[in-house]
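Count along the sequence shown starting at 1, add 2, and that's the number in the working numbering. Cβ atoms here follow ideal geometry from the backbone N, Cα and C, with glycine treated the same way.
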Amino acid sequence: MSEEKQTTPKTISRREFLKDAGIVVGGTAVGSAFFLSACGKEVEVTKTVTTTAPGTTSTKTVTTTAGGSTQTITKYTCPVCNQEFTSLDALKTHFDGTHDSQPAGDSPFITLTVNGMVENINVTRTETLRDCLREKFGLYSIKDMCSGYGACGSCSVIVNGRPLLSCMILACECDGAVIETAEGVAKSNPALVDAYVLHQCMQCGYCTPGFIVTAKALLDKKPNAGEEDIREILAGNICRCGTYPAHIRAIKDVVD
């Protein structure tokens with residue numbers, strides 16, 4: 003080997019680095035884990051195990067240290083049977099196949115008052131309020147523009163007087179709740195719906211029910227809401243067609 007090859011370090015990209023390492027680890031420990039695997043000799047290893055519980059899933063993090071280098075491996079623990087998995091996708095597959103059919107809580111039923119009607123329904127542990135209202139009640143005004151990330155407001159419903167994102171709530175958490183959707187608003191506040199039509203607040207109309215529900219929650223709490231109140235309450239609702247000014251005019255028309 004030439005002297006130049008001995009003294010010139012090899013330059014590799016981050017993509018090549020991860021590929022050569024052959025492991026998937028968390029955070030800043032990627033580089034150090036690679037050097038640990040390339041050590042080539044036996045070293046004394048210490049392990050630190052910590053357990054946290056983000057949401058409904060326990061996460062076990064194993065940190066291995068040797069010669070100043072660390073390797074962090076994250077394991078995902080099923081909240082029902084405590085079985086461990088090396089990836090979140092594996093945990094989801096296990097949960098959906100093993101536990102998703104189980105009823106929520108100690109009872110297979112919850113009670114919801116939806117648009118004035120009281121219903122007892124069976125729900126699963128992971129069923130969102132959005133899916134429950136659409137699939138079990140046939141309330142298709144509730145939309146899903148952001149794939150369940152709670153970023154668009156198109157799935158908004160009024161729960162116990164508050165406008166909430168139904169894609170971010172589990173149905174089993176709503177036992178006893180009073181819920182109103184856009185279908186209910188059409189009956190309880192037809193003037194608001196008429197104002198939306200009069201001021202042409204929609205083009206495609208996909209997001210409109212979420213806007214109407216949010217506006218109804220504001221007017222229930224503050225009948226004399228001003229423009230700043232309207233702008234603030236609608237800040238979480240997204241319209242791809244850009245009809246925002248029309249929404250403000252329609253709601254102000256109802257207030258006046």
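Check	Outcome
Whole alpha helix (DSSP H) elements within the segment 84-150, 4-residue minimum	90-100 and 131-139
Supposed contact pair K145 and P192 - C-beta distance, whole angstroms, cut 8 angstroms	Contact flag wrong, Cβ pair sits at about 21 angstroms.
Residue range of the unbroken alpha helix (DSSP H) whose run includes E229	E229 to I235
I240 (DSSP reduced to helix, strand or coil)	coil
At least 3 beta-carbon pairs within less than 8 angstroms: the segment 163-176 vs the segment 88-96	no
Pairwise C-alpha distance: E230 and R251	12 angstroms
For I214, the three-state DSSP class (helix, strand or coil)	helix
Reference H249; option with closest CA among F87, I112 and V195	V195
Cβ-Cβ distance between C134 and A173 below 9 angstroms	yes
Rounded C-alpha distance that separates L131 from V159	9 angstroms
Host beta strand (DSSP E) of L194 (start-end)	L194 -> not in any beta strand (DSSP E); alpha helix (DSSP H) instead, spanning P192 to L200.
Distance between N117 and V161 (C-alpha atoms, nearest Å)	11 angstroms
Reduced DSSP secondary structure (H/G/I, E/B, other) of S158	strand
Reference G163, options A179, G155 and L200, closest by Cα	A179
Closest Cα partner of I2 within the set C203, S149 and F139	In this structure the chain extends from 3 to 258, so residue 2 is not present and cannot be described.
Y142 versus C80, Y198, R242 and G186, residue with shortest Cα-Cα distance	G186
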